[in-house]
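Scroll down for the structure; my scribbles are underneath it.
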């Protein structure tokens with residue numbers, strides 16, 4: 476018995492995005508850091524198009540997906556849902572394991588699901604360009620792709636150390652026509668300030684974000700784009716879970732457990748919340764599990780408090796799990812999970828017990844990733860290995876207990892651009908980048924005081 | 476109007492492979508270099524399983540695809556056929572351009588179509604391992620994947636210069652569980668002989684092939700695998716064209732022109748020959764165009780003669796277009812097209828006028844590749860940019876002539892592992908690696924004499 480692939484016809488690709496805020500009973504208002512009062516619509520509208528402001532604050536359960544976005548989705552969606560029989564066999568488990576594979580998108584991850592949407596709304600609002608920041612390059616690639624497909628120019632500020640060490644992601648963006656700039660740069664005030672203090676500054680996601688925001692303010696024809704965190708971004712990712720729900724109908728099965736990697740939160744929300752919605756509507760019970768790196772344990776060791784989403788403190792305050800906006804995680808290879816904070820909707824789901832959270836170590840994730848690659852033929856992104864580790868743990872528990880549960884894991888992307896990490900793992904030289912109590916405390920101490928919860 | 480994707484249901488994935496030899500009226504016998512007489516079945520059976528020997532020499536029109544191979548195909552097949560409306564718009568052409576995209580396979584190219592088949596038959600014949608040689612790594616990755624999926628150990632001899640300069644392809648193979656060895660190595664007689672003469676030898680595909688063959692002879696539990704050239708390999712690739720034929724029915728259209736990149740010949744044969752078969756059976760006329768690099772102009776400047784398939788002269792003699800088995804092409808980035816020879820079936824099609832051939836320059840191909848990436852969102856493999864160049868040329872001719880032809884191009888793989896070439900192209904530092912008359916003459920002079928045609 477081999478694997479089975481479940482795909483949908485084009486007609487069954489979702490026509491709406493789910494608003495995840497609805498499923499967690501709403502989210503706390505976003506606050507102005509100066510006044511600590513809710514930010515105004517006008518203030519939000521200064522950095523995002525009206526349609527996205529509306530989605531961000533909406534209490535509607537669904538938003539219609541614009542035709543042109545859905546047409547572009549159809550180039551690689553539905554993404555396949557696989558029954559991983561070979562992995563089950565390798566684990567000798569009675570569990571039924573499924574994975575939803577987002578790596579079939581042209582840039583190899585789930586990120587274009589929202590990049591296309593943000594490009595569309597920004598173009599509709601009169602923007603002719605898009606700007607964003609990127610660390611390892613996943614988000615920057617998605618912005619570059621979206622710009623190419625919507626005929627918009629794109630500008631990406633890429634953390635300098637990645638810009639220099641990972642030239643291929645940068646070349647990918649440039650091949651799509653993007654202008655990719657190492658951050659800190661001399662092009663923005665905040666970049667220049669950082670360089671004045673330290674000319675060889677290696678860059679950080681926080682600095683790159685500040686540069687992208689300032690670039691958008693100085694060049695109003697560019698719309699600023701967001702790779703994760705905000706509610707509308709999580710909503711756009713709901714196509715993942717909505718498709719999975721329909722694909723489970725084809726499989727005549729239903730997950731007892733849904734496992735996703737937890738970074739900024741949008742992939743996890745997109746995968747899990749459509750199942751949560753069914754459960755809340757009286758459907759079958761389902762355990763939702765967020766898996767985060769032990770090196771950046773936002774949900775398992777962070778606090779729920781109002782904090783900035785960027786390290787420089789330029790953004791408003793969001794109520795969420797946070798390790799403090801000055802927290803600097805060890806340099807684990809799952810760059811997409813190195814966030815001090817997480818989307819409000821995911822934070823709220825964990826706070827209210829709708830979702831569980833665990834933290835796992837880097838080497839244990841790569842062990843699961845290599846097992847997966849050899850069984851399934853797909854090399855997972857380092858971020859995705861966290862979901863695999865979580866699913867493998869559950870499958871092994873099923874074996875111990877002799878229980879045949881159905882497990883769905885979110886395979887958020889492929890690892891073709893991350894093979895240097897596998898090289899280290901296979902050579903036995905991958906560190907576990909343990910998090911010190913001091914680093915954790917330093918981070919938590921940066922939560923704005925007096926602490927608002 | 477946006478792109479349209481045509482996909483088949485699992486039931487419509489082909490159940491048989493087409494034998495391309497039938498479509499060109501049979502191919503010339505393979506000769507023993509010592510006796511210049513046809514090689515015996517027994518001699519062939521020393522290096523391949525009985526089922527593949529049978530396919531190699533068969534005059535049956537079709538071979539049944541074994542169930543387990545077809546089940547594995549279904550993990551990523553059918554591969555999509557796209558109507559490239561955005562590319563048409565970018566070219567302002569009345570032509571209708573379609574592309575068949577093989578890059579959705581886990582290793583990013585068409586190679587697994589035959590690697591899975593060869594793994595299956597070798598396992599059936601009692602082999603527990605697979606061995607092969609690889610240059611840039613496409614074939615080695617496919618062998619490693621096939622080994623993982625059929626629970627067979629795999630050994631890949633990788634040309635040393637690529638082994639050192641392209642560590643990620645090597646890591647991909649190792650992640651699948653393969654043992655990847657730099658060639659020349661000290662593990663085989665031919666490797667040791669080469670190293671004795673030149674300890675810092677950078678390796679070549681010919682040397683790696685000799686090592687893989689000798690390794691298989693010394694370790695009979697390993698089956699030797701072939702990435703291109705032989706008839707059975709071309710047959711396995713016919714799933715590409717067979718699917719495309721059915722997808723054109725869905726599109727209610729039919730190609731006037733089919734364009735593919737010409738290297739070893741199997742991708743081109745697999746794409747084009749199912750259309751040739753329909754034409755020969757009285758169907759619609761279709762022009763088949765082979766596009767090869769000007770740096771390695773096998774079909775356009777080679778001779779039709781009996782020659783070896785490897786540089787060391789270990790293989791039997793095949794009647795085909797050849798630049799001479801000692802021909803060393805300039806180091807263009809389309810490594811998969813740097814072959815001195817081409818599959819007999821493709822050679823025969825060109826010889827008899829069933830197929831046309833053109834040679835194009837590297838920079839012109841990357842120009843077309845970047846245009847394609849920005850219009851279609853997919854970065855093509857350097858090999859595939861040759862097919863794109865050929866299709867773009869035809870589409871521009873349609874614009875000049877005001878004729879709306881239908882063009883199908885074979886997008887044999889994605890370029891995610893080849894971004895260094897795009898980096899050079901975008902920086903304007905990609906050479907055109909012109910072929911000297913002397914190098915060409917040196918190659919042609921190595922055709923075994925007296926020359927048999």
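Residue numbers (this note's numbering), protein chains in the order written: chain A, 476 to 928; chain B, 476 to 928.
A virtual CB, placed ideally from N, CA and C, is assigned to each residue, including glycine.
Pull the bridge partners of residue i from the DSSP assignment, please.
i, result
"residue 828 (chain B)", "Beta-bridge pairing links residue 828 (chain B) to no other residue."
"residue 560 (chain B)", "In DSSP, residue 560 (chain B) forms no bridge with anything."
"residue 724 (chain A)", "Note: residue 724 (chain A) sits in no beta bridge, so no partner."
"residue 782 (chain B)", "B:793"
"residue 871 (chain A)", "The partner list for residue 871 (chain A) (beta bridge, DSSP) is empty, contrary to what the question assumes."
Any beta carbon from chain B within less than 9 Å of residue i's own beta carbon?
i, result
"residue 603 (chain A)", "no"
"residue 853 (chain A)", "yes"
"residue 623 (chain A)", "yes"
"residue 719 (chain A)", "no"
"residue 652 (chain A)", "yes"
"residue 596 (chain A)", "no"
"residue 583 (chain A)", "yes"
"residue 649 (chain A)", "yes"
"residue 807 (chain A)", "no"
"residue 631 (chain A)", "no"
Check for me: the alpha helix (DSSP H) holding residue i runs from which residue to which?
i, result
"residue 889 (chain A)", "Segment: none, residue 889 (chain A) is in no alpha helix (DSSP H) and carries neither H nor E."
"residue 690 (chain B)", "680-693"
"residue 928 (chain B)", "Run containing residue 928 (chain B): none; DSSP gives neither H nor E here."
"residue 596 (chain A)", "587-599"
"residue 843 (chain B)", "837-851"
Straight-line CA distance for residue i to residue j?
i, j, result
"residue 840 (chain B)", "residue 885 (chain B)", "14 Å"
"residue 623 (chain A)", "residue 648 (chain A)", "10 Å"
"residue 868 (chain B)", "residue 769 (chain B)", "15 Å"
"residue 539 (chain A)", "residue 714 (chain A)", "12 Å"
"residue 794 (chain A)", "residue 761 (chain A)", "26 Å"
"residue 574 (chain B)", "residue 810 (chain A)", "34 Å"
"residue 727 (chain B)", "residue 881 (chain B)", "11 Å"
"residue 866 (chain A)", "residue 519 (chain A)", "38 Å"
"residue 600 (chain B)", "residue 607 (chain B)", "17 Å"
"residue 763 (chain A)", "residue 856 (chain A)", "21 Å"
"residue 848 (chain A)", "residue 583 (chain A)", "16 Å"
"residue 657 (chain B)", "residue 621 (chain B)", "20 Å"
"residue 733 (chain A)", "residue 705 (chain A)", "22 Å"
"residue 903 (chain B)", "residue 805 (chain B)", "18 Å"
With a threshold of 8 Å on Cβ separation, who are the neighbours of residue i within its own chain once the five nearest residues in sequence on each side are excluded?
i, result
"residue 894 (chain B)", "854"
"residue 773 (chain B)", "737, 767, 796, 797, 798, 814, 815, 816 and 817"
"residue 712 (chain A)", "585, 588, 589, 741, 742, 744, 745 and 746"
"residue 568 (chain B)", "870, 871, 873 and 874"
Could you tell me whether any Cβ in chain A is nearer than 9 Å to the Cβ of residue i?
i, result
"residue 593 (chain B)", "no"
"residue 849 (chain B)", "yes"
"residue 478 (chain B)", "yes"
"residue 613 (chain B)", "no"
"residue 901 (chain B)", "yes"
"residue 690 (chain B)", "no"
"residue 561 (chain B)", "yes"
Identify, in the order they occur along the chain, each residue of the same chain with its Cβ nearer than 6 Å to the Cβ of residue i, setting aside the five sequence neighbours on each side.
i, result
"residue 717 (chain A)", "489 and 749"
"residue 937 (chain B)", "Because chain B here runs from 476 to 928, residue 937 (chain B) falls outside it and cannot be looked at."
"residue 834 (chain B)", "767, 769, 772 and 775"
What does a CB cutoff of less than 7 Å around residue i pick up in its chain, not counting 5 residues either side in sequence?
i, result
"residue 928 (chain A)", "779 and 780"
"residue 707 (chain A)", "527, 530 and 531"
"residue 670 (chain B)", "659, 661 and 676"
"residue 537 (chain A)", "491, 492, 493 and 494"
"residue 791 (chain B)", "505, 506, 507, 508 and 514"
"residue 710 (chain B)", "492, 493, 494, 495, 530 and 538"
What residue does the beta strand (DSSP E) around residue i start on, and which one ends it?
i, result
"residue 630 (chain B)", "628-634"
"residue 766 (chain A)", "762-768"
"residue 576 (chain A)", "571-576"
"residue 658 (chain A)", "654-658"
"residue 646 (chain A)", "No beta strand (DSSP E) contains residue 646 (chain A), which is instead part of the alpha helix (DSSP H) from 642-650."
"residue 878 (chain B)", "Careful: residue 878 (chain B) lies outside any beta strand (DSSP E) and carries neither H nor E."
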